[in-house]
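Chemist:
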Amino acid sequence: MFDNMNPEQIKSSLIKIKNIPKTENLLFEASGNITPDNLKEYSMTGIDVLSLGFLTHSVNFFNLSMEAM
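What the sequence shown shows, in our numbering, is residues 5 to 73, in sequence order.
What follows is the structure, given as structure tokens:
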């Protein structure tokens with residue numbers, strides 16, 4: 005998990021990690037400060053999974069609960 009790292013830090017870290025033997029089956033995820041504006045930049049780092057918290061932060065809810073009468 006790469007949390008709150010910029011794309012260059014992630015790219016540099018992945019290069020170092022992927023040079024370690026037996027890491028080819030590991031899955032790498034990045035999160036923190038990833039938005040639609042910088043999504044492409046993060047996707048080009050070599051990361052496997054991007055977690056986008058902006059999708060759920062400050063979202064308005066719609067109440068679908070039912071009450072028994």
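The C-beta atom is built at its ideal place from N, Cα and C for all residues, glycine as well.
1. Among the residues of its own chain, which have a CB less than 8 Å from the CB of G57, if the five just before and after it don't count?
2. Give the secondary structure of E28 by DSSP, where H, G and I count as helix, E and B as strand, and everything else as coil.
3. Using DSSP bridges, identify the partner residues of A34.
4. Within 10 Å of its beta-carbon, does I21 have 16 or more other beta-carbons around it, so buried, or fewer, so exposed?
5. Below 8 Å between beta carbons: does that hold for L31 and V63?
Modeler: According to the data block:
1. Same-chain partners within the cutoff: S35, G36 and I38.
2. E28: coil per DSSP, three-state reduction.
3. Its beta-bridge partners are F6 and L54.
4. Classification for I21: exposed.
5. In this structure, V63 does not lie closer than 8 Å to L31 by Cβ.
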